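**Student:**
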Amino acid sequence: MTARVIHGPFGPKQMMQLREIYERARAVTAQYPESHVANKAAKKLIDAFETVTSSDARGGRCLSETDPQGNA
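Its first residue numbered 63, the sequence shown is counted upward by one per residue in this note's numbering.
Here is the structure:
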């Protein structure tokens, strides 16, 4: 029997892509001043990641369990 890592609704490739987006957003916040539009956008991404991960840690709903409206 082989061990299988479960990543929730995302596969390993998607998790790597999400982690890269998060890390790059952190780099943008370090590179640009707070008033810069890129910094503001990066902070919104970081907040979204941290909100999802903190709600998962507390037993909250995952992104795949939400009821999305429209086509994103």
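All C-beta atoms in this analysis are idealised placements derived from N, C-alpha and C, irrespective of residue type, glycine included. All of these numbers come straight from a predicted model, not from anything done at the bench.
Within its chain, find whatever has a CB closer than 8 Å to the CB of Leu80; leave out the 5 residues flanking it on each side and keep chain order.
**Tutor:** So the list reads Phe72, Phe111, once near-sequence residues are dropped.
**Student:** Could you pull out every residue in the same chain whose Cβ sits closer than 7 Å to the Cβ of Lys105, ignoring the five residues on either side in sequence?
**Tutor:** The answer, listed in chain order, is Thr91.
**Student:** Quick one: using the 10 Å Cβ neighbour count with 16 as the cut-off for buried, is Ala100 buried or exposed?
**Tutor:** So Ala100 counts as exposed.
**Student:** First and last residue of the alpha helix (DSSP H) that includes Glu82?
**Tutor:** It spans 74–93 - the alpha helix (DSSP H) in which Glu82 sits, taken as one unbroken run.
**Student:** Straight-line CA distance for Ala89 to Pro74?
**Tutor:** Approximately 23 Å between the Cα atoms of the pair.
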